[in-house]
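A short worksheet on the structure shown next.
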Amino acid sequence: MTTLKSKLRDDLNTAIRERDELRSSTLRLTLTAITQEEVSGKTKRELSDEEVTKVITREAKKRREAAEAFAQGDRPAQAEREKAEGELLATYLPKQLDDEELNSIVAQAVEEAKAAGAEGPRAMGQVMKIVNPKVAGLAEGGRVAAAVKKLLAG
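Each residue of the sequence shown is one higher than the one before, starting from 431 at the first, in the numbering used here.
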């Protein structure tokens, strides 16, 4: 069992013992999503820590989107719960890059792409290919794409 997955299981057991309903239900749903990912496909397999992190990231994103939808639908209680679940899941994810760090990585990638002959907005794909492996798990794709567009346009 991976270390991150076992940490989630241990935290779930602790939350159940402490009768922390929010934490236990959030961790149960996350562990279920991890298990579904493990059994999807032709053969069952054990996920690596990196793959578990991707599942947690996906679950956290679902919570943020649900919180926004509930807030727009004038259901503040559900929005607060989803937001709290998303924040709880964020504690298991690596620290996100701040805007300054992200922009410096993107600027470096833009220079690499320009050196390879790519210029202007059409270079977006080439720059994203350079940036994505560097920021995987550390920044959301939408933030990365916005930073790349901004630097290519400027």
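Ideal Cβ placement from N, Cα and C applies to all residues, glycine included. As the structure is a computational prediction, the values presented were derived from the model and not from experiment.
From the options, residue whose alpha carbon lies closest to that of residue i
| i | options | result |
| --- | --- | --- |
| residue 438 | 491, 568, 574 and 482 | 482 |
| residue 494 | 510, 475, 555 and 461 | 510 |
| residue 461 | 449, 487 and 471 | 487 |
| residue 577 | 554, 566 and 567 | 554 |
| residue 518 | 433, 442 and 436 | 442 |
| residue 551 | 534, 501, 575 and 477 | 575 |
| residue 490 | 450, 463 and 547 | 463 |
Helix, strand or coil at residue i [DSSP, three-state]
| i | result |
| --- | --- |
| residue 476 | coil |
| residue 529 | helix |
| residue 546 | coil |
| residue 551 | helix |
| residue 572 | helix |
Contact test: residue i Cβ vs the ligand ZN heavy atom, cutoff 8 Å
| i | result |
| --- | --- |
| residue 539 | This structure simply doesn't include the ligand ZN, nor any ligand for that matter. |
Own chain, CB closer than 7 Å to residue i, minus 5 neighbours either side, in chain order
| i | result |
| --- | --- |
| residue 445 | 453, 454 and 457 |
| residue 475 | 468 |
| residue 539 | 557, 560 and 561 |
Extent of the continuous alpha helix (DSSP H) to which residue i belongs
| i | result |
| --- | --- |
| residue 460 | 451-469 |
| residue 439 | 433-447 |
| residue 506 | 506-520 |
Residues near residue i in its chain [Cβ-Cβ closer than 6 Å; skip 5 each side]
| i | result |
| --- | --- |
| residue 542 | 560 |
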